[in-house]
Amino acid sequence: MLAYTIKRLLGAIPTLFILLTLSFILVHAAPGSPFSMAREMPPEVKANLEAKYHLDEPIYEQYGRYLLNIAHFDFGPSYQYKDTTVNDLIAEGFPVSLTIGGFALLLALVLGVPLGMLAAVRQNRITDYLCSAIALGGISMPSFVIAPLLILWAAVYNDWLPAGGVDSWQSYILPVITLAAMFTAYILRIMRASTIEVLRSNFVRTARAKGLSTARVYGVHILPAAILPVVSYLGPAAAAILTGSVVIEEIFGMPGIGRFFVNGALNRDYTLVLGITLFYGLIVIAFNLVVDLIYGWLDPRVTY
């Protein structure tokens, strides 16, 4: 497993290099510049600013300089946020994004796994139909529709929870529920289909024939086998949660990485967009590696 981990980490280097190169080309190909998006400024001032940040150099020189900075884990200064580096903004926003995304994924697992098993056990009964309807609703309604409805219901009409911000832990409840809704639905459907297949397996019939208790059959034999497809889904889910949090943070006014990314993209803040893109890439690669290792630990048939 150690050799496999090292191989995956080495393989991540060219992936990140390609991601960084394509992102660098795309952000510089966009019309405008970091200093043309704000209010009008004298040409001399704009030229001085571009010279200060080396934006007047040829694109290949800017790219080489940026790669050198990245090699020293320096994402550079932000053009939009005065006297602030991209490293500082990531350090400021990541705890917020991690809290929203982490609890959303945890909530999706806590709800989706048992509901999926319940729907499979009660297949073609009212419980199964109800769980399937919940899953269909969660998949059909995007987060930018769920979020305003939750704000109206829980914050405006009933004044139960804050509508946004990070003033208290209650401020995270609505964003977490909004982000978790779709992933709960997907996990529910995956778990239902997997459990139905496992229930028809010979080893389950054997376990029941031995007289094992229902709790032992489901907890020891069915759950570990049925949850494997859910574990495989966690890798893509992590990437989807990162991109989904961009919308959630903007709607609820949460100062996370996603909101910084949106503001940076709108204001042509090259270093901020590139820094967050590279950081997202690192997180996704690391999470996928962890998921693959967990899958190998759960399934003895998999060898690395």
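Mapping the sequence shown onto the numbering used here, position 254 (from 1) lands on 254, and the numbers just tick up by one. All residues carry an ideal CB built from backbone N, CA and C; glycine is no exception. Because the structure is a prediction, the values reported are computed rather than measured.
Taking the DSSP output, what are the residues bridged to residue 85?
-> 77
Check whether residue 164 and residue 101 have beta carbons under 8 Å apart = No; because the gap between Cβ atoms is not below 8 Å, this pair is not in contact.
Residue 72, DSSP secondary structure in three states | coil
Let me know if residue 260 comes out buried or exposed under the rule of 16 or more other beta-carbons within 10 Å of its beta-carbon.
-> Buried: at least 16 other Cβ atoms inside 10 Å.
Can you tell me whether residue 267 is buried or exposed, with buried defined as 16 or more other CB within 10 angstroms of its CB?
-> buried
Measure from the alpha carbon of residue 372 to the alpha carbon of each residue in 233, 289, 182 and 75, then state which is nearest.
-> For residue 372 there is no data in the structure shown, the boundaries of the chain being 1 and 304.
How close, in whole Å, do the beta carbons of residue 278 and residue 98 come, if the pair is a contact with beta carbons under 8 Å?
-> The Cβ separation is near 17 Å, so there is no contact.
How should residue 75 be labelled, buried or exposed, when 16 other C-beta atoms within 10 angstroms of its C-beta is the threshold for buried?
-> The residue is buried, with at least 16 neighbouring Cβ atoms inside 10 Å.
Residue 144 - DSSP class collapsed to helix/strand/coil = helix
Limits of the unbroken alpha helix (DSSP H) element including residue 306 | Outside the shown range of the chain, which is 1 to 304, sits residue 306, and nothing can be said about it.
Given that a residue counts as buried once 16 or more other Cβ atoms are within 10 Å of its Cβ, and exposed if not, what is residue 58?
-> exposed
The segment 105 to 117 in contact with the segment 220 to 230 per 3-pair CB rule at 8 Å | Yes: the two stretches touch, three or more of their Cβ pairs being nearer than 8 Å.
Look up residue 54 in the DSSP assignment and say whether it is helix, strand or coil.
-> coil
Can at least three beta-carbon pairs, one atom from the segment 281 to 294 and one from the segment 6 to 15, be found at a separation below 8 Å?
-> yes
So, residue 146 versus residue 161, is the Cβ gap smaller than 8 Å?
-> no
DSSP-derived helix/strand/coil call for residue 33 = Three-state DSSP puts residue 33 in coil, outside helix and strand.
Can residue 104 and residue 3 be called in contact, C-beta distance under 8 Å?
-> no
Nearest neighbour of residue 242, chosen from 191, 293, 159 and 94 [CA to CA] | 94
With 16 other CB atoms within 10 Å as the buried threshold, where does residue 206 fall?
-> By the neighbour-count definition (other C-beta atoms within 10 Å, threshold 16), residue 206 is an exposed residue.
Contact under 8 Å by Cβ, residue 77 with residue 271 | yes
Using the beta-carbon count (16 or more within 10 Å), is residue 281 buried or exposed?
-> buried
Best match in 64, 175 and 133 for proximity to residue 20 [C-alpha to C-alpha] | Checking every option, the nearest Cα to that of residue 20 belongs to 64.
Pull up the distance between the alpha-carbon of residue 247 and that of residue 143, whole angstroms please.
-> 8 Å
Inter-residue spacing [alpha-carbon to alpha-carbon] between residue 209 and residue 125 = 25 Å
Leaving out five residues on either side along the sequence, give the residues of the same chain with a beta carbon under 7 Å from the beta carbon of residue 54.
-> 62 and 65
For residue 291, which option in 230, 258 and 255 has the closest C-alpha, if you only look at C-alpha atoms?
-> It is 230 whose Cα lies nearest to the Cα of residue 291.
Residue 236 classed as buried or exposed, judged by whether at least 16 other C-beta atoms fall within 10 angstroms = For residue 236, the number of other beta carbons within 10 angstroms of its own is below 16, and it is reported as exposed.
Pairwise C-alpha distance: residue 34 and residue 1 = 46 Å
Continuous alpha helix (DSSP H) stretch holding residue 122: start and end = No alpha helix (DSSP H) contains residue 122, which DSSP labels as neither H nor E.
Just to confirm, are residue 150 and residue 177 a CB contact at a threshold of 8 Å?
-> yes
Using beta-carbon positions only, say whether residue 90 and residue 256 come within less than 8 Å of one another.
-> For residue 90 and residue 256, no; Cβs fall outside 8 Å.
How would you call residue 203, buried or exposed, if buried means at least 16 neighbouring beta carbons within 10 angstroms?
-> exposed
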